[in-house]
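S.K.: There's a structure below that I have some questions on.
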Amino acid sequence: MLVPASSPASVWLRSYGAQSTTHCHDFAQLVLPLEGSLEMEIGGRGARLDRDLAAYIDEGTRHDQASPHPNRVLIVDLDRRSLGGSLADRLAARPLIALPPEARSLVDYMGLTLARGPATSARLSHWMPLLIETLGGAEDPQPTRLTRLLAALEKKPFEGWTAAAMAAEAGLSTSRLHAVFRAELSATPRAYLAGLRLAHVQRWLAEGEAPIAELAYRGGYADQSALTRAMRRATGLTPAAFRRRAQEKPQETPQESGPSRQEP
């Protein structure tokens, strides 16, 4: 089945079950796991995706995906031309992508933001160039001023980061740091770091059985109530409810952001 494209870029949050139907579409797609793992077959080649390994699906390429375990995946549907010819060709030839730390940070942040509601066009216009650059570089890319800082935050998210420390890592003044974050990520440094930390806590909730109070402490929250308030703001769920939902047998396409499509 060939599914038509409807827009240059759309982002979706999805989970997959144990059954899948092979299909293809006339737009390109990035498959970026947020939680758990995903078995995929892309053009006859099998792969197991996880948080460190993503995939590119070229337009017209037959593929399917399935997982018997809880999972959550960020899907990006995009116009192949937005990647630039050389990058699109390179990804089509080698569709598995080892995610660098800065890409992992951005993907986590995108997933956390989408859990709160659909992405605006303005937010997508900031996200996509950064995402494309971190996944391999667009033609004549403009380097982001936050790459080094995002990598440091991903490596040590629970350090005692202050605005001054983040600015020094990025080589910017504190006021300039806030302006660049607003321009490139539509967030403040504090909100980005909080989102990154919460994404780690969400993964711990989804993948284990440690007491929630312990996870709150590990995540840098004052107490379990502080974590609960942060979870409610981000997802509308308490930590316990989030854990139950994450550890249930996943259903296909539980939440989406963007115009409707017939197939993932």
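Everything in the sequence shown is counted per UniProt numbering, starting at 1 for the first residue and increasing by one. We put the beta carbon where it would ideally sit given N, CA and C, even for glycine.
(1) May I have the straight-line CA-CA distance separating Y221 from D79, to the nearest angstrom?
(2) Quick check: what's the CA-CA separation for P118 versus R90?
(3) Among L49, I57, A54, G60, whose alpha-carbon lies nearest the alpha-carbon of H69?
(4) For A9, which residues does DSSP report across the bridge?
(5) For a cutoff of 8 Å on Cβ pairs, would you count A183 as touching chain C?
(6) Return helix, strand or coil for A179, following the three-state DSSP convention.
(7) Quick test of the definition: if touching needs 3 or more C-beta pairs under 8 Å, does the segment 120 to 135 touch the segment 182 to 194?
(8) Quick one: residues in its chain with C-beta nearer than 6 Å to the C-beta of Q65, no 5 flanking neighbours on either side, listed in chain order?
(9) Per the contact definition of three or more C-beta pairs closer than 8 Å, is the segment 144 to 160 in contact with the segment 86 to 104?
(10) Can you tell me whether P211 is buried or exposed? The criterion is at least 16 other CB atoms within 10 Å of its CB, across all chains shown.
(11) Measure the Cβ-Cβ separation of residue 273 and G111 and say whether it is below 8 Å.
(12) Just checking my contact of R190 with L172 at CB under 8 Å: how many whole Å lie between their CB atoms?
(13) Below 8 Å on the Cβ atoms is my contact criterion, and I expect A226 with A216 to pass it. Report the Cβ-Cβ distance as a whole number of Å.
(14) Which stretch, first to last residue, makes up the beta strand (DSSP E) that contains G46?
M.R.: Looking at the atomic coordinates:
(1) Rounded to the nearest angstrom, the two C-alpha atoms are 41 Å apart.
(2) Near 30 Å, if we compare the C-alpha coordinates of R90 and P118.
(3) Considering only alpha carbons, the answer is L49.
(4) L78
(5) The structure shown contains no chain C; it holds only a single protein chain.
(6) helix
(7) yes
(8) Y16, S20, L38, M40
(9) yes
(10) exposed
(11) Look at the range of the chain in this structure, 1 to 264, and you will see that residue 273 is not part of it.
(12) In fact, because the Cβ distance is near 15 Å, the residues do not count as touching under 8 Å.
(13) 7 Å
(14) Segment 45 to 49, the beta strand (DSSP E) holding G46.
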